[in-house]
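Step one of this worksheet: look at the structure below.
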Amino acid sequence: MKISYYPGCTLKTKAKNLEEAAVASMAALGIEFEELSRWNCCGAVHSLADDDLIHHVAPVRDLVRAMEQGSDTVVTLCSMCYNTLARANMLMRQDETKRKTINDFMSEEKDYHGEVEVLHFLTFLRDQVGFDALRAKVKTPLNGLKVATYYGCTLVRPRDVSIEPTGDRQLMKSFLEALGATPVDFPDATLCCGSYQILSNPEAALDVVSGILGSAVSAGADALILSCPLCEYNLAKKQEHLLESNKIAKKIPVFYFTQLLAVALGLGGEACRFDLNEKSAVEFLKAKNVPVAASV
Amino acid sequence: MPIEISEKTVKRDFIEKISKLSGQDVYKCYQCGTCGGACPMSDHMDAVPRKIMRMAQFGMEEAVTGSKTFWTCASCHSCSVNCPRGIDLARVMEAIRLLTLRKNLNMVEVSGLPAETVEELPQIALVSCFRKLTS
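Respectively, the protein sequence lines represent chains Z and H. Per this note's numbering, numbering through the first sequence is continuous, rising by one, with the last residue being 296. Per this note's numbering, numbering through the second sequence is continuous, rising by one, with the last residue being 431.
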């Protein structure tokens, strides 16, 4: 199986901590990922209107790139990229008429019929690496870390692209258990963080965010993991503001799942770019004796 | 306030457009309100999704397109996965959004955004917001 890795725009800028921790972890796990060459933005959201095919061109083009490079699988880290690529792929597999229109429009490309599989890295860890094998590679178990598992929307909805179609929220739980941490499920684990409404309707988005953070704290978590840079912005970068306006009672450190993975694999925090996380998150790790890079 | 519903007021072409763009049959909705219960943004909507569906069934074009509900929707699909009638409400909201945006309207004016906001936000926030809320 040849695997392409699709980073997406935000992982090369604001979310380097999501990507660099993952790339280092892949190397430590002996996984050979090849970054897709000539990838383009996936479009971030899937077009929902029946006559709006032009917006499927961007994600389909990425899948064509993977196919022509001989890959049968594309792995993503960002939840939004995962959702957009997986749904475009499903459309190309299932809708003959739309597939033909899109293929005809991209006459310079090879025809695409959904040959490539789109996977999120969490699914890859579960199915291709295996959580028992992962547990065996852990060098710094995250003992005593109670971590809330936040999925948000795009990893689990709609159901036909969900990383867990059963909806039983086991994947992040098993992932954290393999790292030696204590997973904390909480009622708002799959509630939307308000997404892009942070730009157009910040008041509404921040109301949802404060509910999610409060729900995680009430469930007994002392940190939270996620896999989407937009969720990270809303749930982590906005905490200071929410605390100042009394919308949350206390802060909770937020990490990308790949950062805890890298630390547990003994990569010492050097690869994790904790400098891009909130200061309170770094202080939390130090207090828990979790290694962070000397420079942070 | 009484609402007059008659052959004269029901905008059939509006119902047809929603149906064509969304691929959904608005008449399937039986008003249980599960969508609004599942919606994280419903507190900030002037009409809950159930009400939008009812108004759409009666072809109340002005009332539907004049509401802020579909601008507040974040397309998270909570309504869609929970609807007992199998209606993909996120697609209905998208259809109403597009019927408005395609009149060359923008809900977000890109040029009016403060530079520090653009600098601070992750790219996916900007791309997704512009995709959903600009023409």
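Ideal Cβ positions, reconstructed from N, Cα and C, are used throughout, including at glycine. Computed from a predicted model, the values in this text were never measured in an experiment.
Distance, residue 391(H) Cα to residue 363(H) Cα: In a straight line, the C-alpha of residue 363(H) is about 14 Å away from that of residue 391(H).
For residue 14(Z), collect the residues of the same chain with a Cβ closer than 7 Å to its Cβ; drop the 5 residues on either side in sequence, then sort them by chain order. 229.
Do three or more CB pairs link the region 342-352 of chain H to the region 120-129 of chain Z at distances below 8 Å? They do not touch, by the three-pair rule.
Select from 426(H), 416(H), 378(H) the residue whose C-alpha is nearest the C-alpha of residue 397(H). With respect to the C-alpha of residue 397(H), the residue from 426(H), 416(H), 378(H) having the closest C-alpha is 426(H).
Measure how close the beta-carbons of residue 213(Z) and residue 248(Z) come, nearest whole angstrom, since I'm counting them as under 8 Å. Rounded to the nearest angstrom, the Cβ distance from residue 213(Z) to residue 248(Z) is 5 Å, consistent with a contact under 8 Å.
At a Cβ threshold of 8 Å, is residue 337(H) touching chain Z? Interface residue (Cβ-Cβ distance to chain Z less than 8 Å): residue 337(H) is classified as such.
Tell me which residues share the same chain as residue 1(Z) and place their Cβ nearer than 7 Å to its Cβ, disregarding the 5 neighbours each side in the sequence. Hits under 7 Å: 72, 73.
With a floor of 3 residues, list each beta strand (DSSP E) that falls wholly inside the region 237-284 of chain Z, ordered by position along the chain. Whole beta strand (DSSP E) segments, 3+ residues: 254-256.
Where residue 258(Z) meets chain H, residues with beta-carbon distance less than 9 Å: Result: empty, since nearest Cβ-Cβ is about 16 Å, beyond 9 Å.
Candidates 284(Z), 291(Z), 287(Z): closest to residue 272(Z) by CA position: Of 284(Z), 291(Z), 287(Z), the residue nearest in Cα terms is 291(Z).
Distance cutoff 8 Å, beta carbons only. Does residue 90(Z) sit that close to anything in chain H? No Cβ of chain H is located within less than 8 Å of the beta carbon of residue 90(Z).
So who's on the other strand from residue 3(Z), going by DSSP bridges? DSSP output for residue 3(Z) lists 73(Z) as bridge partner(s).
Determine the contact status of residue 144(Z) and residue 286(Z), defining contact as a CB-CB distance below 8 Å. Against a cut-off of 8 Å, the Cβ pair of residue 286(Z) and residue 144(Z) comes out as no contact.
Whose C-alpha, out of 311(H), 430(H), 421(H), is nearest the C-alpha of residue 202(Z)? Residue 421(H) is the option with its Cα nearest to residue 202(Z).
Indicate whether the contact test is met: 3 or more Cβ pairs, each with one atom in the region 110-121 of chain Z and one in the region 186-198 of chain Z, closer than 8 Å. No, the region 110-121 of chain Z does not touch the region 186-198 of chain Z.
Taking only beta-carbon atoms, is residue 419(H) less than 8 Å away from chain Z? Interface residue, yes.
In angstroms with no decimal places, state the Cα-to-Cα distance between residue 62(Z) and residue 40(Z). For residue 62(Z) and residue 40(Z), the distance between alpha carbons rounds to 6 Å.
What span of residues does the alpha helix (DSSP H) with residue 368(H) cover, start to end? 365-368 is the span of the alpha helix (DSSP H), which, as asked, contains residue 368(H).
Can you name the residues that DSSP bridges to residue 148(Z)? Per DSSP, 184(Z), 224(Z).
Check whether the Cβ of residue 159(Z) lies closer than 8 Å to any Cβ atom in chain H. Yes, residue 159(Z) counts as interfacial toward chain H.
Segments assigned beta strand (DSSP E), at least 3 residues, entirely inside the region 109-141 of chain Z: As far as the region 109-141 of chain Z is concerned, its whole beta strand (DSSP E) runs of at least 3 residues are 117-120.
Under 7 Å by beta carbon: chain H residues contacting residue 201(Z): Result: 340, 368.
Check residue 177(Z) in the structure and name its three-state DSSP category. Looking at residue 177(Z) - three-state DSSP - the assignment turns out to be helix.
Going by DSSP, name the residue or residues bridged to residue 203(Z). DSSP output for residue 203(Z) lists no bridge partner at all.
What number of angstroms, rounded off, separates the C-alpha of residue 115(Z) from the C-alpha of residue 373(H)? C-alpha separation (whole angstroms): 27 Å.
So, at 7 Å on beta carbons, what are the nonlocal neighbours of residue 431(H) in its own chain, with the 5 sequence-adjacent residues on each side left out? Around residue 431(H), the same chain offers 397, 398, 400, 401, 402 as residues with beta carbons nearer than 7 Å, after the five sequence neighbours per side are excluded.
For the alpha helix (DSSP H) containing residue 59(Z), name the first residue and the last one. Unbroken alpha helix (DSSP H) run through residue 59(Z): 57-68.
Do residue 110(Z) and residue 64(Z) come within 8 Å of each other at the CB atom, strictly closer than that value? Taking C-beta atoms as the reference points, residue 64(Z) and residue 110(Z) count as a pair closer than 8 Å.
CA-CA distance, residue 75(Z) and residue 336(H)? Each residue's alpha carbon lies about 29 Å from the other.
Comparing C-alpha positions only, which one of 266(Z), 251(Z), 252(Z) sits nearest to residue 258(Z)? Selected option, being the one with the closest Cα: 266(Z).
For the putative contact between residue 333(H) and residue 387(H), defined by C-beta atoms under 8 Å, what is the C-beta separation to the nearest angstrom? Contact flag wrong, Cβ pair sits at about 19 Å.
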